[in-house]
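For the sequence shown, counting from 1, position 69 maps to 72 in our numbering; every step adds exactly one. Single-structure report; data block below.
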Amino acid sequence: MTSEERFFHQLMGKTRALFLKSKTFEKHQDKNWNSAICETPIQISKGLFFGLNWGGDNIGQQTAYPEKHRKRNWQFISHSRKFFREYLNSEIEDLNYSNFCFFRTPKAHQLENTDWELAYPLFKEYVDFINPPWTLMLGKSNYALSQHISSKQEFSVWDDVNKKTVYGYTGILFSKYPFGAVPHPQARISSDARNEIWKTITDGIKEKAFDENN
Numbered sequence: 004m005t006s007e008e009r010f011f012h013q014l015m016g017k018t019r020a021l022f023l024k025s026k027t028f029e030k031h032q033d034k035n036w037n038s039a040i041c042e043t044p045i046q047i048s049k050g051l052f053f054g055l056n057w058g059g060d061n062i063g064q065q066t067a068y069p070e071k072h073r074k075r076n077w078q079f080i081s082h083s084r085k086f087f088r089e090y091l092n093s094e095i096e097d098l099n100y101s102n103f104c105f106f107r108t109p110k111a112h113q114l115e116n117t118d119w120e121l122a123y124p125l126f127k128e129y130v131d132f133i134n135p136p137w138t139l140m141l142g143k144s145n146y147a148l149s150q151h152i153s154s155k156q157e158f159s160v161w162d163d164v165n166k167k168t169v170y171g172y173t174g175i176l177f178s179k180y181p182f183g184a185v186p187h188p189q190a191r192i193s194s195d196a197r198n199e200i201w202k203t204i205t206d207g208i209k210e211k212a213f214d215e216n217n
């Protein structure tokens, strides 16, 4: 067993124990929601992308270490692949993919507020073990995550098709890791606007990574 696999199983034990103590579990223990840590195997010093928490209903507890090469054809992953290739020169399987909160609920708002704070140390332990050169969030951060992002800079582009402003931002996660946030892959945004905000945010992440290393 590799050190990454050992870490995964140790962190899974902590995650499961905390999930069973969570108010979300207490309120919905008749549901088969459970928890998970990561969708791709842990890859040290590789980029990390993540969302808020795992969705889905009636899904068993994650117990097996993730396989690197398997079908990942969910709609939001399929929509995102070309942007990772274009702006980060990466395949999703070569990156770390997780969520800020390891506890699963069908919708993010169904997670009890106190459980975001309960789950935060687990995510930080995961990030610190990876030591990623950059981090990218797909979607908007909530109050629990936002308080751990410093040096925040907001960027916007105009979506002429949908007649609205599209936002993204950059910053430093946990006072160490270059961070950016782009709209969720399933948000209603034109291709031109999505490409522009991805380029703006990933350029900003690269600048912060350069600044952190110099």
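For each residue, glycine too, the CB sits at the ideal point set by N, CA and C.
Contact under 7 Å by Cβ, residue i with residue j
i	j	result
Ser154	Gly174	yes
Gly171	Leu98	no
Tyr100	Thr205	no
Thr203	Leu176	no
Phe87	Ile95	yes
Ile208	Pro188	no
Gly58	Leu141	no
Val169	Ile133	no
Straight-line gap, residue i to residue j (C-alpha atoms, nearest Å)
i	j	result
Asn37	Glu157	34 Å
Ser48	Pro135	5 Å
Phe105	Lys24	13 Å
Leu14	Lys166	44 Å
Ser6	Ile40	16 Å
Arg107	Ala212	31 Å
Asn102	Phe126	8 Å
Glu8	Val164	46 Å
His151	Ala190	24 Å
Lys17	Gln65	13 Å
Lys179	Ser81	30 Å
Ile45	Val130	10 Å
Asp60	His31	12 Å
Tyr246	Ala67	Residue 246 is absent from the model: the chain starts at 4 and stops at 217.
Lys10	Leu21	Here residue 10 is Phe; the residue named in the question, Lys, does not match the sequence. Those two C-alpha atoms are separated by around 17 Å.
Ser194	Phe79	14 Å
Pro124	His12	16 Å
Gly63	Asn35	7 Å
Arg84	Thr43	14 Å
Ser149	Asp33	31 Å
Lys143	Ser159	14 Å
Cβ distance (whole Å) where residue i is taken to contact residue j below 8 Å
i	j	result
Trp201	Val185	6 Å
Thr27	Glu115	5 Å
Asn76	Ala111	No, Asn76 and Ala111 are not in contact; Cβ-Cβ is about 23 Å, not under 8 Å.
Extent of the continuous alpha helix (DSSP H) to which residue i belongs
i	result
Pro181	That residue, Pro181, is in no alpha helix (DSSP H); its beta strand (DSSP E) goes Tyr180 to Val185.
Ser149	Tyr146 to Ser149
Met15	Ser6 to Lys24
Tyr68	No alpha helix (DSSP H) contains Tyr68, which DSSP labels as neither H nor E.
Residue range of the beta strand (DSSP E) that includes residue i
i	result
Ile152	Ile152 to Asp162
Asn35	Taken as a continuous stretch (DSSP letters only), Asn35 belongs to no beta strand (DSSP E), as it is neither H nor E.
Thr173	Lys167 to Leu176
Leu125	Where Leu125 is concerned, there is no enclosing beta strand (DSSP E), although the alpha helix (DSSP H) it sits in stretches over Asn116 to Ile133.
Leu141	Thr138 to Leu141
Meets three-Cβ-pair contact criterion under 8 Å: the stretch 65-74 and the stretch 119-127: no
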